[in-house]
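Residue numbers (our numbering), protein chains in the order written: chain A, 1 to 96; chain B, 97 to 484. Every residue, glycine too, gets a C-beta built ideally from N, C-alpha and C. It should be emphasised that the depicted structure is a prediction, and the values quoted were computed from it without experimental measurement.
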Amino acid sequence: MKPYLRQQVPKTFADIPEGTAYEAGFLVTKNAGWRNIRPVVAADKCVGCLQCYLYCPDGVISKAGDKVTIDYDFCKGCGICKKMCRFGAIDMEVEK
Amino acid sequence: MAKEFLSGNEAFAYGIRLARPQVISAYPITPQTIVVEKLSEMVEDTSLQAEFIHVESEHSALSCAIGASAVGARAFTATSSQGLLYMAECLTYASGGRFPIVMMNANRSTALPWNIYGDQRDSLSLLDCGWIQAYAENAQESLDLALMSYYIAEHKAVSTPFMANLDGFVLTHTYEVVEVPEKEQADLFLQPYKTENKMDLATPRNLAFSVGPDHNIAFKYKEHVGILNAKKAILEAESKFAEIFGRKYSGLTESYHTEDADYIIITLGSIAGLVKETVDKLRAQGEKVGLLRLRYMRPFPNEEVAAAVKNAKAIGVLEKDISFGNEGTVYTNVNSALQKAGISVPSSNYIGGLGGRNIPEEEILYIFEDLKNEKGIIEFLGVGGAKA
Numbered sequence: 001m002k003p004y005l006r007q008q009v010p011k012t013f014a015d016i017p018e019g020t021a022y023e024a025g026f027l028v029t030k031n032a033g034w035r036n037i038r039p040v041v042a043a044d045k046c047v048g049c050l051q052c053y054l055y056c057p058d059g060v061i062s063k064a065g066d067k068v069t070i071d072y073d074f075c076k077g078c079g080i081c082k083k084m085c086r087f088g089a090i091d092m093e094v095e096k
Numbered sequence: 097m098a099k100e101f102l103s104g105n106e107a108f109a110y111g112i113r114l115a116r117p118q119v120i121s122a123y124p125i126t127p128q129t130i131v132v133e134k135l136s137e138m139v140e141d142t143s144l145q146a147e148f149i150h151v152e153s154e155h156s157a158l159s160c161a162i163g164a165s166a167v168g169a170r171a172f173t174a175t176s177s178q179g180l181l182y183m184a185e186c187l188t189y190a191s192g193g194r195f196p197i198v199m200m201n202a203n204r205s206t207a208l209p210w211n212i213y214g215d216q217r218d219s220l221s222l223l224d225c226g227w228i229q230a231y232a233e234n235a236q237e238s239l240d241l242a243l244m245s246y247y248i249a250e251h252k253a254v255s256t257p258f259m260a261n262l263d264g265f266v267l268t269h270t271y272e273v274v275e276v277p278e279k280e281q282a283d284l285f286l287q288p289y290k291t292e293n294k295m296d297l298a299t300p301r302n303l304a305f306s307v308g309p310d311h312n313i314a315f316k317y318k319e320h321v322g323i324l325n326a327k328k329a330i331l332e333a334e335s336k337f338a339e340i341f342g343r344k345y346s347g348l349t350e351s352y353h354t355e356d357a358d359y360i361i362i363t364l365g366s367i368a369g370l371v372k373e374t375v376d377k378l379r380a381q382g383e384k385v386g387l388l389r390l391r392y393m394r395p396f397p398n399e400e401v402a403a404a405v406k407n408a409k410a411i412g413v414l415e416k417d418i419s420f421g422n423e424g425t426v427y428t429n430v431n432s433a434l435q436k437a438g439i440s441v442p443s444s445n446y447i448g449g450l451g452g453r454n455i456p457e458e459e460i461l462y463i464f465e466d467l468k469n470e471k472g473i474i475e476f477l478g479v480g481g482a483k484a
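Next up, the structure:
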């Protein structure tokens, strides 16, 4: 599942919680600015074995039907998923 | 209220039992060992209903207390010296997470040279970790601090961990007659811990999350406000304490004949007892001298220090600490308080008692005499008048 990003962001000091405990997703910011290559899944080759999901160091791969999908808000473009995929279903494309 | 003959460590354990922590996690280290030994006996004989968790290190001891606090339990740990330094990483997790854990630290020298005796370099080197820091003078104050510490730390406006410091051996291992409050009285003073800052299955929340550059400073500001709020909470705790138990404390500092004093020693911890006696002797000879004891180092009593010494001719800060390459840290803090208040009283710094070296009455007398002539010096006591 794609991480839930809370829509509300603190606008004033009063919006900041007293401790580091709050509804999940609060203050989570997108973090993928330094990615220069992105993994792209070829749906016809993906068998949904989830090896890429197991090895992804950032936990950005999730199941979509019987295939996988990638959350580009957090993927850093390391390419480990491409290396792990035995079916050649993932290609790294240069970010434009 | 029963009278018992207790060491500082034991008195603190008696105070903690009255506070009824639900989880105690600790790793033994001299001179702290006895406080947790005593608590484990209390858990064993069921006079204290708590989970006593034996851990493999100090890092784990505080991590464990953080975990307990994160599910809303009242947690206690204790350590000393290298143990405190080893758990240093976890100190900021506890304070940043706003977990009101109480820790007793038996003040002890830090290596090298290896030494198990008392000085205050361990805790004073960690002033910036966001913990309230109190320094007890005697066993009775140790017991009372143990009980008050939870009231202050858990105060809604504070929610900050509390480090209670007892001088190693001189206080932890010496015996005094101590008044031990009754359970029922203690329960009147301290309510069970209630917080929303916890894991809760009914309303699941993200706990101990990360915050990026945009909002991080806002959290740090709130943490700062929380520990500053302890100033009021300390006074509130002490007035309620006096109401129930009849013993009075004087807030962040204790003044002893400072009102008309020309020369004042500022110090902290158990050595204040000897300074008081020396003040009495000198006063009997007509000398106008006084003592200001810092009961708390964080939050720092800036206003109280300035008010107590503003009419003095000179002050000497006596401390069991040195910030190598500069001066004693207590001295730095005191001078900052004076500067902010626009007070220019000559001040000097006396570093003593490192590695447990005794500070005898002659050295206190020497400081009061030296203050008449010196200002701005940083002198190590007991090394042949070495000044830096």
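Nearest in C-alpha terms to residue 232 of chain B, of all of B/407, B/478, B/331 and B/216, is B/216. Straight across, the Cα-Cα distance linking residue 276 of chain B with residue 364 of chain B is about 24 Å.
Chain A places no beta carbon closer than 8 Å to that of residue 254 of chain B, leaving this residue out of the contacts.
Residue 327 of chain B counts as buried, since at least 16 other C-beta atoms from the protein chains shown sit within 10 angstroms of its C-beta. Taking a contact to require three or more Cβ pairs closer than 8 Å, the segment 238 to 248 of chain B and the segment 423 to 440 of chain B do not qualify as touching.
Only exposed fits residue 142 of chain B, as fewer than 16 other CB atoms lie within 10 angstroms of its CB.
Nothing from the segment 155 to 184 of chain B brings a Cβ to less than 7 Å from some Cβ of chain A. Within chain B, the residues placing a beta-carbon under 8 Å from that of residue 22 of chain A are 301, 302 and 305, ordered along the chain.
The CB of residue 26 of chain A comes closer than 8 Å to the CB of 302 and 305 in chain B, given here in chain order.
Neighbours of residue 13 of chain A across chain B, judged by C-beta separation under 7 Å: 314. Under the DSSP definition of a beta bridge, residue 368 of chain B lacks any partner. Assigned with DSSP and collapsed to three states, residue 229 of chain B falls in strand.
Listed by position along chain B, the residues whose Cβ is nearer than 7 Å to that of residue 19 of chain A are 193, 194, 255 and 293.
Counting the other CB atoms within 10 Å of its CB gives residue 117 of chain B a total of 16 or more, which places it among the buried residues. Using a 10 angstroms sphere on the CB of residue 103 of chain B, the tally of other CB atoms reaches 16 or more, which defines it as buried. From the listed residues B/390, B/313, B/359 and B/308, the smallest Cα separation to residue 347 of chain B is found for B/390. In this structure, residue 197 of chain B lies away from residue 126 of chain B, with their beta-carbon atoms at least 8 Å apart. Residue 296 of chain B carries a coil assignment under DSSP once its states are collapsed to helix, strand and coil. Nearest to residue 183 of chain B by C-alpha distance, out of B/134, B/438 and B/122, is B/122. Residue 228 of chain B sits close to residue 259 of chain B, with the two beta carbons spaced by under 8 Å.
In the structure shown, residue 36 of chain A falls within a coil segment according to DSSP collapsed to helix, strand and coil.
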